[in-house]
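FYI, the numbering for the sequence shown is 651 to 1224, going by the numbering used here.
Step one of this worksheet: look at the structure below.
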Amino acid sequence: MNMLKSVVGLVIGLVTLFFTLCCAVSVHARPRPPVPPLPPLPGTPPLLFQASFDEAFTYGQNEAVVSIPHFGNLVQSWSGLALERAGVWVPPFVVRGIDAGGHTNLACDGFGGAVRLWLTPYWSSSGAGGAGIGNAARVLDFAAVGGGDAVTVWSLQVTPDGNAFVLLTPGEGGPVEVLRAPIAWRAGEAHLVVLDYGPQGTGLFLDGRLVATGAGTLGLPAPAAALMLGSTLAGTETAGGAFDEVGSFGGPLSEAQVAAYFQQTYRQAALGPISEDEDAARLAARQARVAQSLWAAGGQTMLLDFGEGGCSEFKLTASLLPALHVFTNQGAVFTNHNVKLTWCGREPGVVYDLLYATNIAPPIRWEWWREIQTNDVELTITNFNPPAMFFRLARVLDLETLPAPSLYVSASAATGGDGSKDLPYQNLGSALAAATNESVIRVLPGVYTGPSNRNLSFGAKRLVLVAERGAEQTVIDCTNAAGSRAFIFNSVTQAWWTVVAGFTISNAASGAVWCSDLASPTFANCHFARNASADSGGAVFCTNASPVFVNCRFMTNRATRAGGAVYVTGSNAL
651 MNMLKSVVGL VIGLVTLFFT LCCAVSVHAR PRPPVPPLPP LPGTPPLLFQ ASFDEAFTYG
711 QNEAVVSIPH FGNLVQSWSG LALERAGVWV PPFVVRGIDA GGHTNLACDG FGGAVRLWLT
771 PYWSSSGAGG AGIGNAARVL DFAAVGGGDA VTVWSLQVTP DGNAFVLLTP GEGGPVEVLR
831 APIAWRAGEA HLVVLDYGPQ GTGLFLDGRL VATGAGTLGL PAPAAALMLG STLAGTETAG
891 GAFDEVGSFG GPLSEAQVAA YFQQTYRQAA LGPISEDEDA ARLAARQARV AQSLWAAGGQ
951 TMLLDFGEGG CSEFKLTASL LPALHVFTNQ GAVFTNHNVK LTWCGREPGV VYDLLYATNI
1011 APPIRWEWWR EIQTNDVELT ITNFNPPAMF FRLARVLDLE TLPAPSLYVS ASAATGGDGS
1071 KDLPYQNLGS ALAAATNESV IRVLPGVYTG PSNRNLSFGA KRLVLVAERG AEQTVIDCTN
1131 AAGSRAFIFN SVTQAWWTVV AGFTISNAAS GAVWCSDLAS PTFANCHFAR NASADSGGAV
1191 FCTNASPVFV NCRFMTNRAT RAGGAVYVTG SNAL
């Protein structure tokens, strides 16, 4: 059975067969699934560091708190999990200017930088009927750190009454207030906080708006710099809330860039975690849908509601045929079923996969049953005996159903890794060489450059190469090296379930992707930017091949002859 086929598919039809319905469900509040990486506005400074705190997140998770040793508590959030910074003491969360792998995390030069985060307070401002937090609440501390000591350069705090943000710098007579902005916050409501800092000036944005500006702050040598999130370096003076989607940028953010991000995220942030009431409502709706598809007497047809119109719309139906009695050599009797699936309204000339699952409680794991050929109109499955089965027809990759990764890659990893989660490979080429047929390779955020990260080939293997945090944070940079491409696909075995997902692919000198010899890989959620070709196909050159592009963006690619973005010859339409 092809395991990659168990993880592919854009839902086109779904049929549910229920022979027994008996379940008890315990409903709990749980985290809302994490927001996907979002494309930035053009000109946005590079994202140097991001912490979403979702490594421990799993779909269907309902634990109120996940405790991580030497890290603190992770709590349910509107986007997966969030880092809790509350109480008398917490393990400090420290972002080093340059980490152990040599990666720069903080902007420390004369141009300054920005920090963006979501903060959900556990307190309410006194101006909003609350009592504040009762002490100065550290939101961000930027300091020179060495030998276990910290010298504060600036500190963004909330006043003890919860009525204002203040940015403080050290002065001869004590802290100097650089800027101040009033707030009237209520407990449990998430807010976007963005701070521009550096010698050029400071600016505070709250919920997408610039609310205060101030004088510049001192710079630091990057190796000595550190940013503390939600507390001091000693873990005291906590912010009294939960932090999520934290990012550090290599330059100040403009009001337009902050506002664009806020508009993309505030609606989900306002929802908070999935409440018990919302979970109960979802469960009731799902049970109502299931009730529509309960089986009737043998031979009657069951159909989920996919609209009216006969075969003008895609429909997948199922019938129970007369029971078949099977005798074992011990004389026991088992009653199995024959199931007949029929469909109509399907796209002509397309081969589909029939997928099945034994439950629809998330996370659903769809398995591959068989291919449905272009001329097939029905399928009978004999000796069918599970208590419940769910079917769907599919044709395009569904990333949510990917199995566990086979290999890991991290640009900041040490050399000599073995591809495991703890010792990832340092470059993409090593992972592709080590992968076996149907491997899933998970790529951690970073910029991937150098000879081992360009002119990449899957060989004759069917693989899934997926960026864990998407195109905003995972870049394949070919650095305009002579003859450079990102990927070369030239094998008929590289069909549509061979997948590259979630990368920014940039600065290829000979076109980013080459496809030939009947190859038809899938690119999903990728950005192609600033690629070039002295011939044709600045981003993609396709000859006698049929690649698939799903939700991809093409920006400022160019070619001397034709097809600045894509050039196709001797191939089907993309």
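Glycine is no exception: its CB is placed at the ideal position from the N, C-alpha and C atoms.
Remember, predicted model here, so these are calculated numbers, not experimental data.
>> Measuring straight from C-alpha to C-alpha, what distance separates Gln907 and Thr694?
In response: Taking the sequence shown and counting its residues from 1, the one referred to as residue 907 is at position 257. Taking the sequence shown and counting its residues from 1, the one referred to as residue 694 is at position 44. In this structure, the alpha-carbon of Gln907 lies about 7 Å from that of Thr694.
> Hey, would you say Trp728 sits closer than 8 Å to Gln918, going by beta carbons?
Replying inline: Taking the sequence shown and counting its residues from 1, the one referred to as residue 728 is at position 78. Taking the sequence shown and counting its residues from 1, the one referred to as residue 918 is at position 268. Remark: C-beta atoms of Trp728 and Gln918 approach each other more closely than 8 Å.
>> Just to check my reading of the structure: Ser1060 and Asp749 have Cβ atoms closer than 8 Å, yes? What is that Cβ distance to the nearest angstrom?
In response: The residue given as residue 1060 occupies position 410 in the sequence shown. The residue given as residue 749 occupies position 99 in the sequence shown. The Cβ separation is near 12 Å, so there is no contact.
> At a cut of 8 Å, does the stretch 795–807 reach the stretch 731–739 through at least three beta carbon pairs?
Replying inline: Judged by Cβ distances under 8 Å, the stretch 795–807 makes no contact with the stretch 731–739, as fewer than three pairs qualify.
>> Once the 5 residues before and after Ala1136 are set aside, which same chain residues still bring their CB inside 7 Å of it?
In response: Here residue 1136 corresponds to residue number 486 of the sequence shown, with the count starting at 1. Only residues of its own chain outside the window of five on either side were considered, and among them Arg1104, Leu1106, Ile1126, Cys1128, Ile1155, Ala1158, Ala1162, Val1163 have a CB closer than 7 Å to the CB of Ala1136, listed in chain order.
> Alpha carbon to alpha carbon, how far is Gly782 from Asp811?
Replying inline: Stepping through the sequence shown from its first residue, residue 782 is reached at position 132. Stepping through the sequence shown from its first residue, residue 811 is reached at position 161. Straight-line measurement puts the Cα of Asp811 at about 4 Å from the Cα of Gly782.
> Since Phe605 is in the beta strand (DSSP E), which residue starts that stretch and which ends it?
Replying inline: Because the chain in this structure spans residues 651 to 1224, residue 605 falls outside the shown range and cannot be described.
> Can you name the start and end residues of the alpha helix (DSSP H) that Phe703 belongs to?
Replying inline: Stepping through the sequence shown from its first residue, residue 703 is reached at position 53. No alpha helix (DSSP H) holds Phe703; DSSP gives it neither H nor E.
> Exposed or buried, which one is Ala931 when buried takes at least 16 other CB atoms within 10 Å?
Replying inline: Counting from one through the sequence shown, the residue named residue 931 turns up at place 281. Under this definition Ala931 is an exposed residue.
> What is the DSSP secondary structure of Gly948, counted as helix, strand or coil?
Replying inline: Numbered from 1 along the sequence shown, position 298 holds the residue referred to as residue 948. Residue placement at Gly948 is poorly supported in this model, since its pLDDT is 28, which falls under 50; the coordinates still yield a value, given next. Three-state result, Gly948: coil.
>> Using only CA atoms, which one of Lys1071, Tyr1058, Ala837, Cys1202 lies nearest to Ala920?
In response: Here residue 920 corresponds to residue number 270 of the sequence shown, with the count starting at 1. Nearest to Ala920 by C-alpha distance, out of Lys1071, Tyr1058, Ala837, Cys1202, is Ala837.
> How about Leu842: is its C-beta nearer than 8 Å to some C-beta of chain C?
Replying inline: Given the protein chain composition of this structure (a single chain), no chain C is represented.
> Out of curiosity, what's the CA-to-CA distance linking Ala947 and Asn1025?
Replying inline: As a working mapping, residue 947 is identified with position 297 in the sequence shown. As a working mapping, residue 1025 is identified with position 375 in the sequence shown. Per-residue confidence for Ala947 stands at a pLDDT of 25, beneath the threshold of 50, marking its modelled position as unreliable; no derived number is given.
> Where do the N-terminal and C-terminal ends of the beta strand (DSSP E) with Gln1144 fall, by residue?
Replying inline: If you number the sequence shown from 1, residue 1144 lands on position 494. Counting along the chain, Gln1144 sits inside no beta strand (DSSP E), nor does DSSP assign it H or E at all.
> How about the stretch 868–888 and the stretch 827–845: do they share at least three Cβ pairs that are nearer than 8 Å?
Replying inline: These segments do not touch.
>> By the three-class DSSP mapping on this structure, what secondary structure does Arg735 have?
In response: Position 85 of the sequence shown, counted from the start, is the residue given in the question as residue 735. Residue state for Arg735 is assigned as strand, using DSSP reduced to three classes.
>> Taking 8 Å as the threshold (C-beta atoms), are Gly763 and Gly866 in contact?
In response: For the purposes of this step, residue 866 is taken as the residue at position 216 of the sequence shown. For the purposes of this step, residue 763 is taken as the residue at position 113 of the sequence shown. In this structure, Gly763 does not lie closer than 8 Å to Gly866 by Cβ.
> Run through DSSP, which three-state label would Thr765 get?
Replying inline: Position 115 of the sequence shown, counted from the first residue, corresponds to residue 765. For the record, residue 765 in the displayed sequence is Val; it is not Thr. Strand at Val765.
> Looking only at its own chain, which residues have a Cβ that is under 7 Å from the Cβ of Gly1069, when we skip the five neighbours before and after it?
Replying inline: Indexing the sequence shown from 1 puts residue 1069 at position 419. Leu1057, Tyr1058, Tyr1075, Ala1081, Ala1084.
> Start and end of the beta strand (DSSP E) containing Tyr1058?
Replying inline: Translated into positions along the sequence shown, residue 1058 becomes position 408. 1057–1059 is the extent of the beta strand (DSSP E) around Tyr1058.
> Under three-state DSSP, which class holds Gly864?
Replying inline: The residue given as residue 864 occupies position 214 in the sequence shown. In this structure, Gly864 counts as strand in the three-state DSSP scheme.
> For the candidate residues Pro902, Phe721, Asp1072, Gly730, whose alpha-carbon lies nearest to that of Pro687?
Replying inline: If you number the sequence shown from 1, residue 687 lands on position 37. Closest option to Pro687, Cα to Cα, is Gly730.
> Considering only residues of the same chain and omitting the five flanking positions on each side of Ala910, which have a CB-CB separation below 7 Å?
Replying inline: Here the question's residue 910 lines up with position 260 in the sequence shown. Setting aside the 5 residues that flank it on each side, Ala910 is surrounded in the same chain by Leu691, each with a C-beta closer than 7 Å to its C-beta; the list follows chain order.
> With a CB to CB cut of under 8 Å and the five nearest residues on each side skipped, what residues in its chain are close to Asn1207?
Replying inline: Working through the sequence shown from its first residue, we reach residue 1207 at position 557. These residues qualify, in order along the chain: Ala1162, Phe1178, Ala1179, Arg1180, Asn1181, Ala1182, Gly1188, Ala1189, Gly1214, Ala1215.
> Given Ala1145, which residues of its chain have a CB within under 6 Å of its CB, disregarding the five upstream and five downstream residues?
Replying inline: The sequence position of residue 1145 within the sequence shown is 495, counting from 1. Around Ala1145: Ser1170.
> Any idea what DSSP makes of Ser1156, helix, strand or coil?
Replying inline: Stepping through the sequence shown from its first residue, residue 1156 is reached at position 506. It is a strand residue.
>> Could you check whether the stretch 835–849 touches the stretch 768–777, counting it as contact only if at least three pairs of C-beta atoms, one from each stretch, sit closer than 8 Å?
In response: Touching, per the Cβ criterion.
> Can you list, in chain order, the residues of its chain whose CB lies under 8 Å from that of Pro741, leaving out five sequence neighbours each side?
Replying inline: On the sequence shown, residue 741 is found 91 positions in, with the first residue counted as 1. Excluding sequence positions up to five before and after Pro741, its CB lies within less than 8 Å of the CB of His720, Phe721, Gly722, Gly885, all in the same chain and listed in chain order.
> Taking the alpha-carbon positions, what's the Leu756 to Leu854 distance?
Replying inline: Counting from 1 along the sequence shown, the entry for residue 756 is found at position 106. Counting from 1 along the sequence shown, the entry for residue 854 is found at position 204. Spanning the two alpha carbons is a distance of roughly 18 Å.
> Over what stretch of residues does the beta strand (DSSP E) that includes Glu905 continue unbroken?
Replying inline: Position 255 of the sequence shown holds residue 905. The continuous stretches of beta strand (DSSP E) do not include Glu905, which lies in the alpha helix (DSSP H) extending over residues 905–921.
>> I need the boundaries of the alpha helix (DSSP H) containing Gly1079, first residue and last residue.
In response: The count along the sequence shown starts at 1 and reaches residue 1079 at position 429. Unbroken alpha helix (DSSP H) run through Gly1079: 1078–1084.
> Straight-line CA distance for Arg1112 to Ser1196?
Replying inline: Taking the sequence shown and counting its residues from 1, the one referred to as residue 1112 is at position 462. Taking the sequence shown and counting its residues from 1, the one referred to as residue 1196 is at position 546. Looking at the two C-alpha atoms, the distance is approximately 16 Å.
> From Tyr1098 to Gly922, what does the alpha carbon distance come to, in whole angstroms?
Replying inline: Counting from 1 along the sequence shown, the entry for residue 1098 is found at position 448. Counting from 1 along the sequence shown, the entry for residue 922 is found at position 272. Rounded to whole angstroms, the separation of the alpha carbons of Gly922 and Tyr1098 is 35 Å.
>> Using a Cβ-Cβ cutoff of less than 6 Å, which residues in the same chain neighbour Phe1139 once the five nearest sequence positions on both sides are dropped?
In response: Taking the first residue of the sequence shown as 1, we reach residue 1139 at position 489. Residues of the same chain with a CB within less than 6 Å of the CB of Phe1139, apart from the 5 flanking positions on each side, are Cys1165, Ala1169, Pro1171 in chain order.
>> Any heavy atom of the ligand ZN closer than 7 Å to the beta-carbon of Cys1202?
In response: The ligand ZN is not part of this structure, which contains no ligands at all.
> Do you know how far the Cα of Val844 is from the Cα of Phe1204?
Replying inline: As a first step, residue 1204 must be located in the sequence shown, where it is residue number 554. As a first step, residue 844 must be located in the sequence shown, where it is residue number 194. Whole-angstrom Cα-Cα distance: 29 Å.
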